[in-house]
Every structure is written in C-alpha cells, then in structure tokens.
Amino acid sequence: MPAFISQTSSQVSLTDIKLECESGYVSGQNSEYSSPSSSTTLPQVSLTKAHINHLNNMLEDMHPMDILRFCKVMFPNLYQSTAFGLTGLATMDMLSKIQREHPNSPTVDLIFLDTLYHFKETYDLVDRVKERYPNVPVHIFKPDGVNTTEEFEDMYGKEMWNTASEMYDWIAKVEPLQRAYDELKVAAVLNGRRRSQGAARGSIPIIEVDDERGVVKINPLATWSFKQVNNYIKENNVPYNALLDQGYKSIGDWHSTAPVKEGEDERAGRWKGQDKTECGIHNKKSRYAEFVAMMERKQQEEKLAAALEKVALPTDFASSPPAFIERKKNILEQLAIPDTEYTDASPKGSVDEGIRDLIDEINQQSGFVTTSSCAGRVSVFLEGRRVAETEGEDERVAGVGGKGAGGAWLFVSHDPVPDKGDGRTDWSSLFGLQESTEAQERTGEVKERRLIHFKFEAMILHVLTASPEHAQLLLRCGLQAGFRESGALNIIPNAKDAATPMVAIRTMGLAFESLIGQQVDGHRQRIVSPEYLQTLVQIANERFVENKKRIERFQNAFRHAVSAPAPRKGSVLRACERKPS
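226 is the number that UniProt numbering gives to position 226 of the sequence shown; each next residue is one higher, with no gaps.
Have a look at this one:
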C-alpha cells in the first residue's frame, strides 16, 4: 500500500485522511468531473510541495532514462499520454529498454487521444508503433459518443475548430483525456513537453502537479532540445511521423498544423496565425474550469431528459377533447379573417408577419392552436397616469409598470429599426418626443409626471394544447430553442373536463428596458442624449437577429418533433436539439 509522504518523512495510513491543497497534497484521482475543492480524500500518490521541489532538484541533471526508471518505481498507475510526436516516441523507446531490464515489471501503457482529425501519416505511425512495441497496450480515447469524422460533424457541425475553437478543444481533447484518467485510474502520467518548445513550456519542471485533473505529471525529457530528441530517434531507429521529413516539427490535427520555416520555433506551425499555443489539456483553470461547468450543465440536461422521458409522447396522440376542438375551430375562424379586418390585443392588432408561417404550421397540427402571439418588438411606451383625474377614481390610476389609465404606445416595430448610423436620424421625432423643447422650458409646479420607456421584447407565443402530452412536446422544443422561461398552465384536469394546458413560449434573456423620457403636465421630453437613443436602437436590432434565430430553431424543432416516432430511451430531446449554427 502506498505511503503518505510528509515533510517529516513519517508514514500515515491513507484511510479517510484529508489535507488542505495548500499543504502540498497531490491528487491521483478526483471524483468524476468534480471541480477543484479545498480538500478531498487522499488518493494513491500524496506528496508535499517541499518533497516535489526536492525531487525536481535531484532529477534535474539526470538522464531521461534514469528519470523514467525512478518514475516506474515511485508512481503507481503510471501511464504515458502521447500524440506520437518525437519526444513521446523517444520516451516510449526508452521505456521499452527499461522493460527489458525488468521484464516482470508492469508496462507503462499509452493513452492516445484520437480527435478524429489527425493526419493520415499519424494514424499510419500508430500502426507501426504497435508493430514495433507489441507488448505496450495503447488505450485510444475519442470524443464522447462518436467514432468517425462523419458522426462528429453530424453532431457538432463542420469545421468546429473555426466556429467554436475552445469548445472543439473541450470535446475532442480535454474531456477524452479526463475520461481516460478516470477510467484507467491514472495516478501519474508521462508526457512529451520540453522547455526548448518555448512559450508556456519554457520553465516546466520535471515533476509537476495537475491538481485540477488529479494527477502527477512528469516531463522526463524536459531538459532536452529538439536536436537531442531527433538524434535519439535516428540513432535508435525509432519509427517516426513521415511528416517530419516534409518540414513539420510539432504535429497535431491536420487543420491546425503547418510546416515550420528555417529558424522558426519548433511549435510555430501549431495554430499558425492564432493567439493560441496550447489545446487545453495542459492549461490551468480557464478551459478546464469552464469544461467542468459545461459537464455539470450536461448532467443537468440528462436529468431533464430522464424526467421528460416519463411523459414522452406515444406514436399517435390521444384524440383531442370536444371542448378543445370547438375552441380551436373558433380561433381558426378568427385567424382566417383578412388582416384588414382582424384585430387582437397587440398594438399592431394582427398576427406579425415574422411568425405567420410558424403559427400556420402549429395550427395545422392536431392538438395545438395559437391563442395570441408577438414576433418580438421594440417599443416606446408612455406609462399611464399616476394620479386620478378626479377624487375617487383610483381604478383609473396606472398600476405596476405604468400600464393602464391612459398609457400609450408612442412607437412600435416588430422589425429592426432602420438606422443609417450617420447620427442624422431624428430619434426624438421618431419616438414621439418631438415636444422636448417646449417641455424643457416649462417652469413652476409640476402637477403630473409620466415616464417614457424604451423596451425590447422577444417572441412570446401562447398555444392551447389538447393534452399534457401535447404541452410537454411544445415545452421541450421551446426550452431547447432558447426560450428558457417557457411554461404551462392548467395541466391538471378538473372534475368534468380533460386537461387542455395553455403553453407560453417565451424568454426574458433578450428583453431589456430603459427610461428615455418623461411627460410633464402633458408635454413630452427626452431625458437622454440622441447618441444614447441610437445605442438602444443598435442593441435592439442585435436582439432582433438573435430572436429570429431562436424562432427558426423552435419552428424546426416543432416540425421534427411532431413528425418523429415515439422517442427511444435516451433520445427524448433529440427532436428538439439545437443544430450547430
């Protein structure tokens, strides 16, 4: 059983011992995808910081072969993580020689992260390495849930390294490596980083602690140069990547690797032209911490999927209750009226053009009918009276938010507001604040002041459904499309009628509101600058773009959901999942 090594060299049982990280405790295993914590149960390898410093001082001048011999004795569950670069290949060959010295000792297995985007030459090299070192197991880890490039791109879209580079790193490299550590119970890992590679690697120690991932990391060739490594490869006839003969020195994915020119740094061909030198697996905090948060969200979504599966729709919907059928008939008759004759409760008084197709598509499906809608709007609103015109008329005073009692829309648009961006637009006039000069000149007692609000609101859609199952389908699609505040009412049937839930598809995340003016004794004035009004318009127009994307995602999700067969186990959300943009 491994001993806990303290600064005083005393030996202590590992059972249920806990130490603060600052004491120098080194984790060999953490709980799955757990975030870093101040203390945890001691794992297989525990060292103080002082002892790590001592080891680094002792190992600094040792030959890599001797460092590897020491590591094989010192660290249980020792693995080598490699992308089959020159340093990793040299390490591998040295380990094979050490293995021959002690043939009965455990081998150091390899961990290879197959991102699915390696060069063909890299995959060929993997096969040659297996032939050369047949007794060394190679554990291959791919992005979770996929085995081919086609499957990866079906799930995440094409060229994800360009559209979402950090997410690509998490999915293709960081998560598979952490999964490897967890599944193999890795306590210590050898890797191929060297100081001569520069940048963040310029001062790496031989032994370091990755307390986020819960392993000891060893850089056995940290002190070697590229020339020393290359000479070792040639002198020992170690198989290497054919791309090295074509000007490459550091080789990763084909889409982010280029040959280097004479005199350039060894890793100059990695992520050329980008402000980036690492893929994430060697970074501290930033990407891994964000990855942990992403995994937590993924787990929450899986729990939601499991809950939704309990109310998954059957292949065929149950027949709609008579009361629902009658109400849908009346609503559709009203919607069939020409726009010039149709009115509803919105300021526009009709169905917005931006969601007419969506509403038609919903209403064509059995079990659904829209009752009210707004495609999203930007508006300027004069709140109602705060003081009754005559004593005793409290009901004519505006409530919370200024609604009622003479409140009025000064401007409403369900489309982006035209903005030439040249500063010449008369926003005061456009938003009904044209009386600002007269209002500013007024003096004396103010009898009434009413505020004027600039608002942006995203799409809101109310849909009457024939059953809780219909409502559940609609909610799933709304939530997955980004309408996070969607909800339902009347999901429990009353004594005589079946439940016909009313679903609201909505989001508050895009909405915003700002005071821009006031009406003083009947005269309006703006209280912000024209430049501020233009900024509000620009923000609102940006929100219109995102609102349109969410509407399209919702429409696609609904279309797929109502045409799909009954969900299989583990795929309840598939019909409503967001496609890569």
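We treat Cβ as the ideally placed atom computed from N, Cα and C, and that holds for glycine.
Indicate the three-state DSSP secondary structure (helix, strand or coil) for Tyr-117 in the structure shown. coil
Distance, Glu-485 Cα to Pro-106 Cα: 55 Å
Exposure of Asn-147, with buried meaning 16 or more beta-carbon neighbours within 10 Å: exposed
Going by DSSP, what residues sit across from His-102 in a beta bridge? Per DSSP, none; premise fails for His-102.
Kindly give me the distance between the Cβ atoms of Lys-455 and Glu-513, rounded to whole angstroms, as I take these residues to be in contact under 8 Å. 5 Å
Would you kindly work out how many angstroms separate the C-alpha atoms of Lys-227 and Leu-86, rounded to a whole number? 10 Å
Cβ separation of Ile-492 and Ala-499, assumed to be a contact under 8 Å, to the nearest whole Å: 6 Å
With DSSP run on the structure shown, which of helix, strand or coil describes Glu-513? strand
How would you label Asn-77, buried or exposed, when you count the other beta carbons within 10 angstroms and need 16 or more for buried? buried
Three-state class that DSSP yields for Val-260 in the structure shown: coil
Can you round the beta-carbon distance between Ser-81 and Val-189 to whole angstroms, since I take them to be within the 8 Å contact cut? 5 Å
What do you reckon, are the CB atoms on Thr-425 and Pro-418 nearer than 9 Å? yes
Relative to the C-alpha of Gly-376, which residue among Val-238, Asn-547, Glu-150 and Ser-46 is closest? Asn-547
Going by C-alpha distance, which of Ala-561, Tyr-232 and His-453 is nearest Gln-365? Ala-561
List the residues that DSSP assigns as beta-bridge partners of Tyr-79. Asp-109 and Val-189
Might you give, ordered along the chain, the residues of its own chain that have their beta carbon closer than 7 Å to the beta carbon of Val-238, omitting 5 neighbours on each side? Leu-89, Ala-90 and Asp-93
Report the option in Ser-165, Ala-164 and Leu-95 whose CA atom is closest to the CA atom of Pro-137. Leu-95
I'd like the list of long-range same chain contacts for Gly-407, defined as Cβ closer than 7 Å, with 5 residues on each side in sequence excluded. Phe-381, Leu-382, Glu-383, Gly-384 and Ala-398
Where Asn-135 falls, given that 16 or more other Cβ within 10 Å makes a residue buried: exposed
Please confirm whether Trp-427 and Val-537 have their CB atoms less than 9 Å apart. yes
Is the Cβ-Cβ distance between Leu-125 and Tyr-232 less than 9 Å? no
Please state whether the Cβ-Cβ distance between Tyr-117 and Thr-163 is less than 9 Å. no
Residues bridged to Cys-374 [DSSP beta-bridge criterion]: Ile-460
State the start and end residues of the unbroken alpha helix (DSSP H) segment that holds Val-73. 64-74
Thinking just about the alpha-carbon of each residue, which of Phe-368, Glu-353, Glu-361 and Asp-360 is nearest to the one in Cys-374? Glu-353
What would DSSP say about Gly-88, mapped onto helix, strand or coil? helix
Taking all protein chains shown into account, do 16 or more other C-beta atoms lie within 10 angstroms of the C-beta of His-414, making it buried, or fewer, making it exposed? buried
Bridge partners of Ser-379, per DSSP? Val-412 and Lys-455
Using DSSP with H/G/I as helix, E/B as strand and the rest coil, what is Val-238? coil
Can you tell me whether Gly-252 is helix, strand or coil according to DSSP? coil
By Cβ distance below 6 Å, which residues in the same chain neighbour Ile-171 in space, the five residues on each side in sequence not counted? Pro-143
Using three-state DSSP, classify Asp-210 as helix, strand or coil. strand
Tell me the residue span of the beta strand (DSSP E) that contains Gly-487. 487-489
Euclidean distance between Cα positions of Arg-220 and Arg-559: Looking at the sequence provided, one finds Pro at residue 220 rather than Arg. When rounded, the distance between both Cα atoms is 56 Å.
Mind checking whether Leu-335 and Leu-461 have CB atoms under 9 Å apart? no
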